[in-house]
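Peer 1:
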Amino acid sequence: MLVLVLDQVSKALVLHSPALQDGGSVTVVPGILNAVFTWNLGITFGMFRYSFAWIVLIPVALAVIVALIVWLAKAEHVRVSCAVGAILGGAAGNVIDRIRYGKVVDFLHLHLGAFDPFPYIFNVGDSAIVLGVAILLLDMALSSGKRADTPRE
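Laid out in structure tokens, this is it:
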């Protein structure tokens with residue numbers, strides 16, 4: 688729930704920020720992070736940017752959200768619960784945008800000074816999804832050598 692609230696509040700601030708309209712940019716962390724408002728018509732990294740994509744994206748995203756809720760209800764460990772909760776909050780935030788606007792509000796631009804190895808613009812929900820997936824992958828890697836019936840911390 689925290690991720691969903693942070694995602695939606697940050698997007699509302701961006702949508703109502705005069706400094707970010709008409710291609711404006713605000714430095715959040717000098718030399719590292721800028722706020723730059725853009726609409727994402729597609730999914731991750733702007734893939735599937737077709738006008739009809741929402742017809743498929745919304746039902747698929749809702750199905751993923753239901754699956755995440757079931758996974759969260761069955762999670763036995765705090766680390767997994769937090770990771771799945773982060774993914775769920777991020778996914779729900781992006782679905783809300785897609786239903787409200789037909790596209791997703793993106794605004795975070797990560798760079799290293801003039802070096803821009805990751806030229807994509809993303810949002811708080813996207814960050815939570817990536818972090819949640821990373822935690823799940825790390826959890827799987829760390830627990831692969833343990834017996835399946837041994838509780839993890």
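Just add 687 to wherever you are in the sequence shown, counting from 1, and you've got the numbering used here.
In this text, a Cβ means the ideal position worked out from N, Cα and C, and glycines have one as well.
In this text, all values refer to a predicted model and were calculated from it rather than measured experimentally.
Please report the distance separating the alpha-carbon of residue 700 from that of residue 800.
Peer 2: Roughly 25 angstroms separates the two Cα atoms.
Peer 1: Could you give the DSSP three-state label for residue 745: helix, strand or coil?
Peer 2: Correct three-state label for residue 745: helix.
Peer 1: In three-state terms, what does DSSP make of residue 694?
Peer 2: Looking at residue 694 - three-state DSSP - the assignment turns out to be helix.
Peer 1: Across which residues does DSSP place residue 721 in a beta bridge pair?
Peer 2: DSSP, once it has assigned bridges, lists 714 and 796 as partnering residue 721.
Peer 1: Taking the straight line between their C-alpha atoms, what separation do you get for residue 796 and residue 761?
Peer 2: One C-alpha to the other measures close to 35 angstroms.
Peer 1: Buried or exposed for residue 714, going by 16 or more other Cβ atoms inside 10 Å?
Peer 2: Looking at its Cβ environment, which holds fewer than 16 other Cβ atoms inside 10 Å, residue 714 is exposed.
Peer 1: Does the beta-carbon of residue 709 have 16 or more other beta-carbons within 10 angstroms, so that it is buried, or is it exposed?
Peer 2: Its Cβ having fewer than 16 others within 10 Å, residue 709 is exposed.
Peer 1: Report the start-end ranges of each beta strand (DSSP E) in the segment 759 to 805 that is 3 residues or longer and not cut off at the edges.
Peer 2: For the segment 759 to 805, whole beta strand (DSSP E) runs of length 3 or above, ordered along the chain, are 791 to 797.
Peer 1: Nearest-angstrom Cα distance between residue 820 and residue 830?
Peer 2: Using only the alpha carbons, I get a separation of about 15 angstroms.
Peer 1: Have a look at 764, 743 and 779 and flag the residue whose alpha-carbon is nearest the alpha-carbon of residue 690.
Peer 2: Nearest option by C-alpha distance: 779.
Peer 1: Buried or exposed for residue 803, please, with buried defined as at least 16 other CB atoms from any protein chain shown within 10 angstroms of its CB.
Peer 2: So residue 803 ends up on the exposed side.
Peer 1: So residue 830 is in the alpha helix (DSSP H); what residue range does that whole segment cover?
Peer 2: 811 to 830 is the span of the alpha helix (DSSP H), which, as asked, contains residue 830.
Peer 1: Taking the beta carbon of residue 805 as the centre, do at least 16 other beta carbons fall within 10 Å, making it buried, or is it exposed?
Peer 2: With fewer than 16 Cβ atoms within 10 Å of its Cβ, residue 805 is classed as exposed.
Peer 1: From residue 757 to residue 749, what distance separates their C-alpha atoms?
Peer 2: Between residue 757 and residue 749, the C-alpha separation is close to 13 angstroms.
Peer 1: Answer with buried or exposed for residue 815, where buried requires no fewer than 16 other C-beta atoms within 10 angstroms of its C-beta.
Peer 2: By the neighbour-count rule (16 or more Cβ atoms within 10 Å), residue 815 is buried.
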